[in-house]
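Engineer: 439 is the number of the first residue of the sequence shown in the numbering used here; add one for each residue after it.
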Amino acid sequence: MPLIVHAPPRRRRAATAALAVVALIGAVLPSVGPPAQAADEWVPASSYTSTDRGEGTYSVPLLNSDVPDVSVERVPAAEHEEGRDVYYMISTTMHLSPGAPIMKSYDLVNWEIVNYVFDRLGVGDSFSLRNGQNSYGQGQWASSLRYHRGKFYVAFNTNNLGGSYLYSTDDIEDGAWTRLPLGRAFHDPSLYFDDRDGGTPYIFYGSGSTSAVKLDSGLTRVVAEYPNILRPADYPGSPFLGGLFEGAQVQYIDGHYYVVIITWPPGQGRQVVLFRSTELLGWYATADGSNPYRARGVLNSNGFAQGSLVPIARDGGRTDWYGMFFRDSFPVGRIPALIPATWQDGWPTFGDHGVVPVNGEFAKPIRLSPAEEALERQKSVVASDDFANDAPHKAYMDEQWTIPSPPEVDESLLGVELVRNPGFESGTVSPWAAQFGAQLTLEPVDGTTALKVANRTLNGSGPNQSLDGVLQRGVTYQVSAKVKYAAGPASVRFNLVADWGAGVQVMASGEVQAGRWTTVSGRYTVPSTAETGKVTFAVETPWANPQPPSSSVEYLLDDVSVIGQPVTTEHPTEAEIRPNGSRLGPAWQWNHAPDNRYWSLTDREGWLRLTTGKVVTGGYVYTKLSNRAELTWFEEARNTLSQRTFGPKSSAETKLDFSRMKDGDVAGLAMYNRGFSYVAVKRVNGRHTLGVVNRVQPFPVTFDQATAETFVPGTAVPLGDATTVHLKGDAEFDAPTGQGWTTFHYSLDGLTWHRLGDRVGPQTLDGSLTHFMGHRWGLFNYATAQAGGQVDFDHYLLSDTLTAEGKPLDTGDLDAAIGHASTLDEHHYPADSWAAMRAALGKAQAARASAFGTQNQIDAPELALSLELARLGVARFPVAVAVAAQTRCAGPQVALTIEVTNHEAVPVDVSVDTPYGTKSFDDVEPGKTRFHPFQTRERHVPAGSASVTASATVDGEPRTVELTAPHDAHTCR
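#1: If you scan the segment 929 to 963 from start to end, which runs of the alpha helix (DSSP H) of 4 or more residues do you find wholly inside it?
#2: Along the beta strand (DSSP E) that carries I691, what are the first and last residues, could you check?
#3: Taking one C-beta from the segment 1178 to 1191 and one from the segment 1231 to 1238 each time, how about it: are there three or more such pairs within less than 8 Å?
#4: Using 8 Å as the threshold, is the C-beta distance between S488 and R815 below it?
#5: For T1367, which residues from the same chain have a beta carbon less than 8 Å from its beta carbon, with the 5 sequence-adjacent residues on both sides left out?
#6: Whole angstroms is fine: what's the gap from D1033's alpha carbon to N1077's?
#7: By how many angstroms is the C-alpha of A812 removed from the C-alpha of E1306?
#8: Quick one: Cα of D1172 to Cα of Q578, how far?
#9: Between Q475 and the rest of its own chain, which residues show a CB-CB distance below 6 Å, the 5 nearest in sequence each way excluded?
#10: CB-CB under 8 Å to Q1003, same chain, minus the five flanking residues each way: which ones, in chain order?
#11: Between the Cα of V1412 and the Cα atoms of F1218, T607, T1352, which residue gives the shortest distance?
#12: Can you tell me which of T1325, T974, G1329 puts its alpha carbon nearest to the alpha carbon of P1404?
#13: For Y1036, does the three-state DSSP call read helix, strand or coil?
#14: Apart from the five residues on each side of it in sequence, which residues of its chain come closer than 7 Å, Cβ to Cβ, to T957?
#15: Under 8 Å: do the segment 892 to 902 and the segment 869 to 877 share three or more Cβ pairs, one atom per stretch?
#16: What is the rounded straight-line gap between the Cα of Y605 and the Cα of V555?
#17: Short check: CB of E969 to CB of S497, under 8 Å?
#18: According to the neighbour-count rule (16 or more other Cβ atoms, all chains shown, within 10 Å of its Cβ), is K589 buried or exposed?
#19: Assuming V1412 and G1212 are in contact, meaning their beta carbons sit under 8 Å apart, how far apart are those beta carbons, in whole angstroms?
#20: Quick one: is P1017 buried, meaning 16 or more other Cβ sit within 10 Å of its Cβ, or exposed?
#21: How would you write the range of the beta strand (DSSP E) that P1200 sits in, first residue to last?
#22: Leaving aside the five residues before and after Q951 along the sequence, list all residues of the same chain whose C-beta is less than 6 Å from its C-beta, in chain order.
#23: Helix, strand or coil: how does DSSP classify Q985 here?
#24: Taking C-beta to C-beta, are G1001 and L856 nearer than 8 Å?
#25: Pull up the CB-CB distance for R1112 and F1137, whole angstroms please, since I reckon it's below 8 Å.
#26: Go through the segment 645 to 682 residue by residue and report every complete run of the beta strand (DSSP E) that reaches 3 residues or more, in order.
#27: Starting from P539, follow its DSSP beta bridges and name the residues at the other end.
#28: Under DSSP, the beta strand (DSSP E) around K589 begins and ends at which residues?
#29: Taking only runs of the beta strand (DSSP E) that begin and end inside the segment 1311 to 1376, which ones reach a length of at least 3 residues, in chain order?
#30: Please go through the same chain and pick out, in chain order, the residues whose beta-carbon is closer than 8 Å to the beta-carbon of L889, but skip the five residues on each side of it.
#31: Excluding five sequence neighbours on each side, which residues of the same chain lie with their C-beta closer than 7 Å to the C-beta of V1429?
#32: Residues bridged to G745 by DSSP?
#33: Check this for me: beta carbons of L434 and L1303, under 8 Å apart or not?
#34: Run through DSSP, which three-state label would F624 get?
#35: Three or more C-beta pairs closer than 8 Å, one from the segment 1088 to 1103 and one from the segment 593 to 611: is that the case here?
#36: For S1088, which of G1044, R1214, P1024 has the nearest alpha-carbon?
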């Protein structure tokens, strides 16, 4: 299949409408001329996340933005209310809220977000940044989306929130989802309904091998297990098999089951392997136990891997199958690609003879009408926002939760030592016991006694003791122990852990140097959901596969301590969860579940308000990491609002009102992941200072949080008496590829801009995968000293033009859109579509009448208007005629009068059909009205309607529309 490699698509500008200052350093004051008298033709470019070239081709990867772990499902035309094939796609969003976005497409190239599966994954601490807990790199992973017998299903795993869940709904775009915990974890779960067996539901899952479970008909419980259906070891000598071996998704095609797997063989890139069999369950279904699955590497090109096979209906009942596979493109993220396949002998070859170049171009597999394609190209997964609180209401916004009562706390168990024989002075090891083969003995040390831990073979080999019934839910504990070892690695990390049946929880950890007594200490809050009736406390070293050298280190242990602190635990509240009357558009997601008390779009019309609800502590760690690395204040802060970035260039602009900040507050605009760059206002001793923070790898395990977020030298700017500031971040992801560099600018009036130092970075993928997603733009506000400070954001404006490019400000596209809108006739469109366009037009005209300081200020209103204009193009009536029916008395009998007005620019033929006769109007002239009275010969006519058919040749195309003209009942006396 031939393809052409191009550079990534860029937004096109028409004619330059103004001059811009070419200087890149210092004050920049662009000027823009008056609107052009004759605007260029309105031909809008594709959106920032569309790679549709507008000429029947597209490039890969799609979207230019972070949309990983994709699963795509088609609803056939016969089963969709729109009467055509519609595609839906789901993705991973981990710790973000709302989560599990549902995206929609008609052509598989252009996508928009239409819903979310959930608002929040839970009300517990981990998804809400409470009490030291977080879900960075965890949360919702690798969903599968399925449509079966009129219902939609989503299955996904959570790494830290109770395992896997199954959600279902009858209405994927607007409905509420029903949530069902599956009670266990399934890695990368893929739901599959086997229609050859009456629709039996299965979940395929696993990493390193692929297993399956069968569910009951109600999808509520597992009724059968099928471990290790697919294993790399069963295919010796296959060069395409190796690491990962996960992400299984199943399809049935022409008599065979196909299982798509991502693999990562040693020394190679990520790739797609396909397994094919006539038996879904493999060797479980064969009489002799043989393996019926055959394997083939089907794509090994530039790292495109993991995703779905996607069906495309063709004439004659034929079906083409494409692949939707993503590619790691950090720091933008993991980006999907729609890749065509050539099938031969039941096996596909993807791309051009197996080659898929980055930015390679393919023919679109589904073509729509010109108006529909124009609309699809305007759709996006990112969006500018004026914070007008006008986003559509969705069911997930009303998600209901039962708030658990705070646990009762036994005050007598606070402030006292819970560990028995903590210093081993009792002359006996008891009540300490050995686990996993360790040997425990007492050993005199410097006039005291310590516990010697020997014969260790596993990371868990060591001492434990029961804390049954004394460790309390919702209580924060100060946990510590002294450790020393003599032989082994130069340093070893020791973990003080507790296990109450929900997996080992690290309460404290620390790095111990060989030959030196070291105190390992930390604070840990027991979750309010923990079952603490039976608890084992233990000392361990970190797990790894294979077991690391630290697992065999012998050591001495002394002065072990677990002491409950006075209760300051945060508990979820109904007010925190309750909807607050503010509706954000679907492009926005919160960094963890928000506290709805502390953000608003209604407190100040047209502004986003963020209020600090608590003070950052510096006590948060990555619960995903065995080394318990600390979080920054920025990562700990709640209610950071975020959107995806997009590549290869991304610019975001906002206006910040900081007049209500409190001392110690920090607020601004970030380009963030675990590594981040941000521009912010800090208030210290009543003074406001603007500056840039840049945090890059390597990331230390422990550090001073204040120092980590110190302004980059040379970027601090005192703001004096100012109360507002405009902020702008320009991110580059291709200079060089694999790194993100951001240049920040500020302005006090939105017109004259100043650069804040040099570009900062580089931002790259964190190899520990603590934030396993692309870098995002974020609006944030956090407190380091006292809660209650407020900031307001006036707008969020996107562009793909960077200040450093030195381009003149260009209003050509904006002028063309405004000019095109002025040529339209409202009679050609539904009233709601026309009203939406007029609202966007009003904002665009208001922007055009003012001065511009950045391309963002031009692009945002143009894109909003172009989207509504494109929607109008699809919504246009086939033939624009207005019909009306009226009943009246003509003597003692009722007369029914039908009136037809032609709003087209060409003549229209009209036929009218009523219970009282028919009438034809030939060649109704443009702008003219024709009417006809029908004599009913009845004294009473019930309410009813007339059927009207109008036909004309519009824009060279024969068109017909059928309309209904209702009329009231009428009685004549």
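Note that beta-carbon positions come from the ideal geometry of N, C-alpha and C, so glycine has one too. What you are looking at is a predicted structure, and each value in this text was computed from that prediction instead of being measured.
Structural biologist: Considering the structure as presented:
#1: The alpha helix (DSSP H) runs lying completely inside the segment 929 to 963 and spanning 4 residues or more number zero.
#2: Counting from one through the sequence shown, the residue named residue 691 turns up at place 253. It spans 681 to 691 - the beta strand (DSSP E) in which I691 sits, taken as one unbroken run.
#3: No: the two stretches stay apart, fewer than three of their Cβ pairs being nearer than 8 Å.
#4: The residue labelled residue 488 in the question sits at position 50 within the sequence shown. The residue labelled residue 815 in the question sits at position 377 within the sequence shown. It is a contact, given that the beta carbons lie within the stated cut-off.
#5: Translated into the one-based positions of the sequence shown, residue 1367 becomes position 929. Correct list, in chain order: E1337, V1338, T1339, N1340.
#6: Translated into the one-based positions of the sequence shown, residue 1033 becomes position 595. Translated into the one-based positions of the sequence shown, residue 1077 becomes position 639. Across the structure, D1033 and N1077 are spaced so that their CA atoms are roughly 7 Å apart.
#7: Here residue 1306 refers to the residue found at position 868 when the sequence shown is read from its first residue. Here residue 812 refers to the residue found at position 374 when the sequence shown is read from its first residue. Separation of E1306 and A812 (C-alpha to C-alpha, rounded to the nearest whole angstrom) is 11 Å.
#8: Taking the sequence shown and counting its residues from 1, one reaches residue 1172 at position 734. Taking the sequence shown and counting its residues from 1, one reaches residue 578 at position 140. Cα-Cα distance, rounded: 29 Å.
#9: Along the sequence shown, one-based indexing puts residue 475 at 37. Residue confidence for Q475 is low, a pLDDT of 43 falling below 50, so the modelled location carries little weight; the figure read from the coordinates is stated next. Taken in chain order, the list of residues that qualify is empty.
#10: For the purposes of this step, residue 1003 is taken as the residue at position 565 of the sequence shown. Cβ neighbours of Q1003 beyond the five flanking positions: L852, G853, V913, T914, Y915, Q916, R961.
#11: Look at the range of the chain in this structure, 439 to 1411, and you will see that residue 1412 is not part of it.
#12: Here residue 1404 refers to the residue found at position 966 of the sequence shown. In terms of CA proximity to P1404, T1325 leads the group T1325, T974, G1329.
#13: One-based indexing of the sequence shown puts residue 1036 at position 598. Note: Y1036 maps to helix in three-state DSSP.
#14: Counting from 1 along the sequence shown, the entry for residue 957 is found at position 519. Non-local beta-carbon contacts of T957 in its own chain, meaning distances under 7 Å to residues more than five positions away in sequence, involve S918, K920 in chain order.
#15: Verdict: yes, contact present.
#16: Indexing the sequence shown from 1 puts residue 605 at position 167. Indexing the sequence shown from 1 puts residue 555 at position 117. Approximately 7 Å between the Cα atoms of the pair.
#17: As a first step, residue 969 is located in the sequence shown; it is residue number 531 there, counting from the start. As a first step, residue 497 is located in the sequence shown; it is residue number 59 there, counting from the start. Not in contact: E969 and S497 (Cβ atoms no closer than 8 Å).
#18: Mapped onto the sequence shown, residue 589 falls at position 151. Exposed: under 16 other Cβ atoms inside 10 Å.
#19: A query on residue 1412 cannot be resolved here, the shown segment of the chain reaching from 439 to 1411 and no further.
#20: The count along the sequence shown starts at 1 and reaches residue 1017 at position 579. Residue burial is scored here from C-beta neighbours: P1017 has fewer than 16 other C-beta atoms within 10 angstroms and is therefore classed as exposed.
#21: Walking along the sequence shown from the start, residue 1200 turns up at place 762. Counting along the chain, the beta strand (DSSP E) containing P1200 begins and ends at 1198 to 1201.
#22: Sequence index remark: in the sequence shown, residue 951 carries index 513 (1-based). Here the set comprises S929.
#23: For the purposes of this step, residue 985 is taken as residue 547 along the sequence shown, with counting starting at 1. Assignment of Q985 by DSSP, reduced to helix, strand and coil, places it in the coil class.
#24: For the purposes of this step, residue 1001 is taken as residue 563 along the sequence shown, with counting starting at 1. For the purposes of this step, residue 856 is taken as residue 418 along the sequence shown, with counting starting at 1. Correcting the residue type first, residue 1001 is Ile in the shown sequence and not Gly. Yes, Cβ-Cβ distance for I1001 and L856 is below 8 Å.
#25: Working through the sequence shown from its first residue, we reach residue 1112 at position 674. Working through the sequence shown from its first residue, we reach residue 1137 at position 699. That belief holds up - the Cβ atoms of R1112 and F1137 are roughly 7 Å apart, short of 8 Å.
#26: The qualifying runs are 648 to 653, 660 to 668.
#27: What you label residue 539 is simply residue 101 of the sequence shown in a count that begins at 1. Paired residue(s): Y554.
#28: Here the question's residue 589 lines up with position 151 in the sequence shown. Looking at the DSSP string, the run of the beta strand (DSSP E) that includes K589 is 589 to 596.
#29: Qualifying beta strand (DSSP E) stretches, in chain order: 1319 to 1328, 1331 to 1340, 1346 to 1352, 1355 to 1362, 1367 to 1373.
#30: Translated into positions along the sequence shown, residue 889 becomes position 451. In chain order, F862, V867, W870, L878, T879, L880, E881, P901, L994, L995, D996 place their CB closer than 8 Å to the CB of L889, counting only its own chain and leaving out the 5 sequence neighbours on each side.
#31: The structure shown has nothing for residue 1429, since the chain only spans 439 to 1411.
#32: If you number the sequence shown from 1, residue 745 lands on position 307. Paired residue(s): F763.
#33: Because the chain spans 439 through 1411 in this model, residue 434 falls outside it and cannot be assessed.
#34: Position 186 of the sequence shown holds residue 624. Three-state DSSP puts F624 in coil, outside helix and strand.
#35: No, the segment 1088 to 1103 is not in contact with the segment 593 to 611.
#36: Mapped onto the sequence shown, residue 1088 falls at position 650. Restricting attention to G1044, R1214, P1024, the CA atom closest to the CA of S1088 is found in R1214.
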